[in-house]
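*Asks:* Pasting in a structure now, in structure tokens, and then I'll have a few things to ask.
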Amino acid sequence: MLRASLFLAAITLGAVAVHAADTDPYTRQIEQWRADRVARLTAPDGWLSLIGLEWLHEGANRIGSAADNDIVLMAGPAYLGTITLAADGSLRIALNKAAGATVDGKSVADAVLVDDMHAGADGPTLVRFGSAGFYVIDRDGRKALRVKDPEAATRKDFAGIDYFPIDPSWRVEAEWIPFQPAHKLEIGSVIGTIDAVDVPGKAVFQRDGHTFELLPYQEEPGGELFFVIADRTSGKETYGAARFFYAALPKGGLAQPGKVELDFNKAYNPPCAFTPFATCPLAPPENRLDVAVTAGEKKYRGGH
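Yeah, the sequence shown ends on 357 if you go by our numbering, and it's all consecutive.
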């Protein structure tokens, strides 16, 4: 019996060792990237916690979970308070005493609300009530409440992410061709807004004997290159509006010709694939590839 147990233990340890040896460093890197991505997505304040995107109108906006409010929330007290949006875009909230809400962690009767586009390092003003909370976002001059709750059904019932098999051939070394000056690119969104972004250059690569170009932008000065793409899998195997991925800056900087690594195994779904309460960019015509990019995340099977 002891000999049999030792034999089984040896087989088990051997299987573990073989599994560890089965995966090469690049595969382990992508698997870790996937795990980190899911951890961010499912965090208590991650995208899956969204329960509302409520647009404010100029003047007084009564908010709460009761049906007779101007803005009806999916969580919280029946009558939370009133948000007043002034003609100049400034906002102020007056809280009902019985609501038990806080503003940036403080119990106050009223306060100024700073939206995400005008906030400092501490971020926009956060209003909390029970397990839920919201802050104001500004999208092309329009103001809305982004409401989150870690108890959201989308977070509790998360169905997991499906992927194409990890394929090292989709880690591509592209030529970086800088633009002097930067080009303007119009990026539409699912809510109908259009943003003009600065494109510092283009990434040019070959696949299956064809040449393709992608135009990235930087979400913040000095940040990585951000790509919003679509391809022949879009709307079929993958989310129809777009997928995203980042790439490190070329070693010689953006102003010089060089190389940039495009890893399509890290192509991921935008928040809009998981929730109807997000505002996501759409792939511009310039970034719609006439090739099936069979790498990265597939369409979310639990999508709305």
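For glycine and all other residues, C-beta sits at the position ideal for the given N, C-alpha and C.
(1) Quick test of your reading: V243 and A301, contact by CB under 8 Å. State the CB separation rounded to the nearest angstrom.
(2) From C325 to K201, what distance separates their C-alpha atoms?
(3) Nearest to W223 by CA position, among A256, I136 and R260, is which residue?
(4) According to DSSP, simplified to helix, strand and coil, what is S222?
(5) Report the start-end ranges of each alpha helix (DSSP H) in the segment 159 to 238 that is 4 residues or longer and not cut off at the edges.
(6) Can you list, in chain order, the residues of its chain with a C-beta nearer than 6 Å to that of K352? Leave out the 5 residues immediately preceding and following it.
(7) Which same chain residues, not among the five before or five after A212, have their C-beta less than 6 Å away from its C-beta?
(8) Out of T286, P329 and G194, which one is the CA nearest neighbour of W100?
(9) Using alpha carbons as the reference points, say which of T286, A331, D168 and E228 lies closest to G43.
(10) Looking at A147: is its Cβ nearer than 7 Å to the Cβ of G129?
(11) Among L179, C333, P323 and D163, which residue has its Cα nearest to the Cα of E188?
(12) When every heavy atom of the ligand ADP is checked, does at least one fall within less than 6 Å of the C-beta of F330?
(13) By how many angstroms is the C-alpha of A174 removed from the C-alpha of Y321?
(14) Please state if the CB of E111 and the CB of L94 are separated by a distance shorter than 7 Å.
(15) Can you tell me whether Y79 is buried or exposed? The criterion is at least 16 other CB atoms within 10 Å of its CB, across all chains shown.
(16) Classify V340 as helix, strand or coil using the three-state DSSP reduction.
*Replies:* Let's see:
(1) Here residue 243 refers to the residue found at position 190 when the sequence shown is read from its first residue. Here residue 301 refers to the residue found at position 248 when the sequence shown is read from its first residue. That pair is no contact at about 28 Å.
(2) Numbered from 1 along the sequence shown, position 272 holds the residue referred to as residue 325. Numbered from 1 along the sequence shown, position 148 holds the residue referred to as residue 201. The straight-line gap from Cα to Cα measures roughly 15 Å.
(3) On the sequence shown, residue 223 is found 170 positions in, with the first residue counted as 1. Nearest option by C-alpha distance: R260.
(4) Counted from its first residue, the sequence shown places residue 222 at position 169. If DSSP states are grouped into helix, strand and coil, S222 belongs with the helices.
(5) 206 to 209
(6) Here residue 352 corresponds to residue number 299 of the sequence shown, with the count starting at 1. Within the same chain, K352 has close Cβ partners T291 and Y292.
(7) Walking along the sequence shown from the start, residue 212 turns up at place 159. Hits under 6 Å: R354 and G355.
(8) By one-based count along the sequence shown, residue 100 stands at place 47. Minimum Cα distance to W100 is reached at P329.
(9) No statement about residue 43 is possible, as the shown extent of the chain runs from 54 to 357 and does not include it.
(10) In the sequence shown, residue 147 corresponds to position 94, counting from 1. In the sequence shown, residue 129 corresponds to position 76, counting from 1. No, the pair does not count as a contact, with Cβ atoms beyond the cut-off.
(11) As a working mapping, residue 188 is identified with position 135 in the sequence shown. Reading off the sequence, residue 188 comes out as Tyr, not Glu. Minimum Cα distance to Y188 is reached at L179.
(12) Here there are no bound small molecules, and the ligand ADP is not part of this structure.
(13) Position 268 of the sequence shown, counted from the first residue, corresponds to residue 321. Position 121 of the sequence shown, counted from the first residue, corresponds to residue 174. Roughly 27 Å separates the two Cα atoms.
(14) If you number the sequence shown from 1, residue 94 lands on position 41. If you number the sequence shown from 1, residue 111 lands on position 58. In this structure, E111 does not lie closer than 7 Å to L94 by Cβ.
(15) In the sequence shown, residue 79 corresponds to position 26, counting from 1. Exposed is the call here.
(16) By one-based count along the sequence shown, residue 340 stands at place 287. At residue 340 the sequence reads Asn, which differs from the Val that was named. Helix, per DSSP.
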